[in-house]
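Let me begin by presenting the structure, written as structure tokens, before commenting on it.
Residue numbers (the working numbering), protein chains in the order written: chain A, 1 to 76; chain B, 1 to 288.
This is the structure we're talking about:
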């Protein structure tokens, strides 16, 4: 390290990429599941339908986080 | 600090110690360690057992798939060999699973009338995905049959062909494209944006994400479990002092994640089936 370098990082930036990729889906899952619980509390008789719809939404949100995981391996 | 040795396998560890001239029995090998092995994606590309290098390469994961398929067929053969009107215990358990798929997934999404035609296909899909996922937490198998992308791709292709062909058969080719690519109720300039997105959605993203979701879930679950148990082994047998205590925590976390993985295996089977039902239902809808 020469004198002008103050800090040095080695390795691949993709290792923190997954952490960043998990933020958005994390917020999304929170909103999605929270709203479903709200709906269930208001209307317990609709729980089955709400749960099925929630898992559908969860599947779509989750795949975003998993894309982050996969690209981490591909571009590592 | 120890150098983290990423790529070394247990096999080379045995060879190295034998090369030193030290002989050791199985238990010494089992509890010995040469540093912490972090799991890597290379774990999912194991040594071939048979036919290495050809398209028919048979490795540990392929073997696990064969075991899962044989067990699945065996269980269903045993339970339904002499099916009775008043079910016994084994038949009752199987019927509970079949009922769950029929009521909670297929009829909920498609409605009772349409469900009849696709029930057999979707039930097969659910049970197959559940069995191939479950091998990820079964001792000595320890890897999900679906954690290599090949099997999820085959299953997703099956769903893909199914929903395209059923849609074309019901609506006709032109009408199927029109109802999928040009959803009604938007002003016409919007179609310049909407149609490419819908095209991508129907022909690429649906089957792609179906396969990717399943495989990536199983890969991440496997890596998580390996990380926990590898850390436990390292902390308990090599670390000194207070770090041994960390091993107890990582062991507890490993057991907790094993339970979580059982949940994920069943959840992914549920999600895979419910999405397939939704896709088939969407391509059968005239207007949506």
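Quick reminder that beta carbons are idealized off the backbone N, C-alpha and C, glycines included.
Source: prediction; values computed, not measured.
If you follow the beta strand (DSSP E) that residue 49/B is part of, which residue opens it and which one closes it?
Residue 49/B: member of the beta strand (DSSP E) spanning 48 to 50, first to last residue.
Identify the contact partners of residue 48/A in chain B, using a Cβ-Cβ distance below 8 Å as the criterion.
Within 8 Å Cβ-Cβ: 104, 108.
Rounded straight-line distance, which links the Cα of residue 70/B to that of residue 268/B:
In a straight line, the C-alpha of residue 268/B is about 21 Å away from that of residue 70/B.
Could you pull the DSSP bridge partners for residue 217/B from this structure?
Residue 217/B is not bridged to any residue.
Looking only at C-alpha atoms, which of 131/B, 139/B, 149/B sits nearest to residue 214/B?
The shortest C-alpha separation from residue 214/B is found at 149/B.
In whole angstroms, what is the alpha-carbon distance linking residue 45/A and residue 255/B?
Rounded to whole angstroms, residue 45/A to residue 255/B spans 35 Å at the Cα level.
Identify every residue that forms a DSSP beta bridge with residue 180/B.
For residue 180/B, which the question treats as bridged, DSSP gives no partner whatsoever.
Per DSSP, the bridge partner or partners of residue 58/B
BP columns for residue 58/B point to 50/B.
Rounded to whole angstroms, how far is the Cβ of residue 247/B from the Cβ of residue 236/B, which I believe are closer than 8 Å?
Contact between residue 247/B and residue 236/B holds: CB atoms are separated by about 4 Å, below the 8 Å threshold.
Rounded C-alpha distance that separates residue 171/B from residue 20/A:
So the alpha carbons of these two residues sit roughly 43 Å apart.
Which residues bound the alpha helix (DSSP H) around residue 145/B?
First-last for residue 145/B: undefined, no H or E at that position.
Please list the terminal residues of the continuous alpha helix (DSSP H) segment that includes residue 239/B.
No alpha helix (DSSP H) holds residue 239/B; DSSP gives it neither H nor E.
Which residues of chain A have a Cβ atom closer than 7 Å to the Cβ of residue 274/B, listed in chain order?
In chain order: 52, 55, 56.
Hey, could you find the ends of the alpha helix (DSSP H) residue 89/B is sitting in?
Its alpha helix (DSSP H) spans residues 89 to 100.
In three-state DSSP terms, what is residue 40/B?
Residue state, collapsed to three classes: coil.
Taking 8 Å as the cut-off, does the stretch 273 to 280 of chain B touch the stretch 50 to 67 of chain A (at least 3 CB pairs, one atom from each stretch)?
The answer is yes - the stretch 273 to 280 of chain B touches the stretch 50 to 67 of chain A, with three or more Cβ pairs under 8 Å.
So, for residue 46/B: in the same chain, excluding its five sequence neighbours on each side, which residues have a beta-carbon less than 7 Å away from its beta-carbon?
Excluding residues within five positions, the ones whose Cβ falls inside 7 Å are 59, 60, 61.
CB contact check: residue 9/A to chain B, cutoff 8 Å
No, residue 9/A lies away from the interface with chain B (no Cβ there is under 8 Å from its Cβ).
Classify residue 285/B as helix, strand or coil using the three-state DSSP reduction.
In the three-state reduction of the DSSP assignment, residue 285/B falls in the coil class, being assigned neither a helical nor a strand state.
Nearest to residue 72/A by alpha carbon, out of 7/A, 14/A, 28/A?
Looking at the Cα atoms, 14/A is the closest of the given residues.
Residues that residue 59/A contacts on chain B, provided the C-beta gap is smaller than 7 Å:
Per Cβ cutoff of 7 Å: 213, 271, 275.
So residue 28/A packs on residue 68/A, CB below 8 Å; how close in whole Å?
About 13 Å separates the Cβ atoms of residue 28/A and residue 68/A, ruling out a contact at the 8 Å cut-off.
For residue 9/A, name the three-state secondary structure that DSSP assigns.
Residue 9/A falls in the coil class under three-state DSSP.
Beta-carbon proximity check, residue 39/B vs residue 243/B, cutoff 8 Å:
For residue 39/B and residue 243/B, no; Cβs fall outside 8 Å.
The stretch 117 to 125 of chain B touching the stretch 195 to 213 of chain B, judged by at least three CB pairs closer than 8 Å
Judged by Cβ distances under 8 Å, the stretch 117 to 125 of chain B makes no contact with the stretch 195 to 213 of chain B, as fewer than three pairs qualify.
Can you tell me which of the three DSSP states residue 83/B falls into?
Residue state for residue 83/B is assigned as coil, using DSSP reduced to three classes.
Run the CB neighbour count on residue 131/B, radius 10 Å, all protein chains shown included, and call it buried at 16 or more, exposed below.
Residue 131/B comes out buried.
Hey, residue 94/B and residue 79/B are a contact pair by Cβ (cut 8 Å); roughly how many whole angstroms apart?
Contact flag correct, Cβ pair sits at about 4 Å.
Pull out every residue of the stretch 198 to 209 of chain B whose Cβ sits closer than 8 Å to any Cβ of chain A, in chain order.
Cβ contacts with chain A come from 209.
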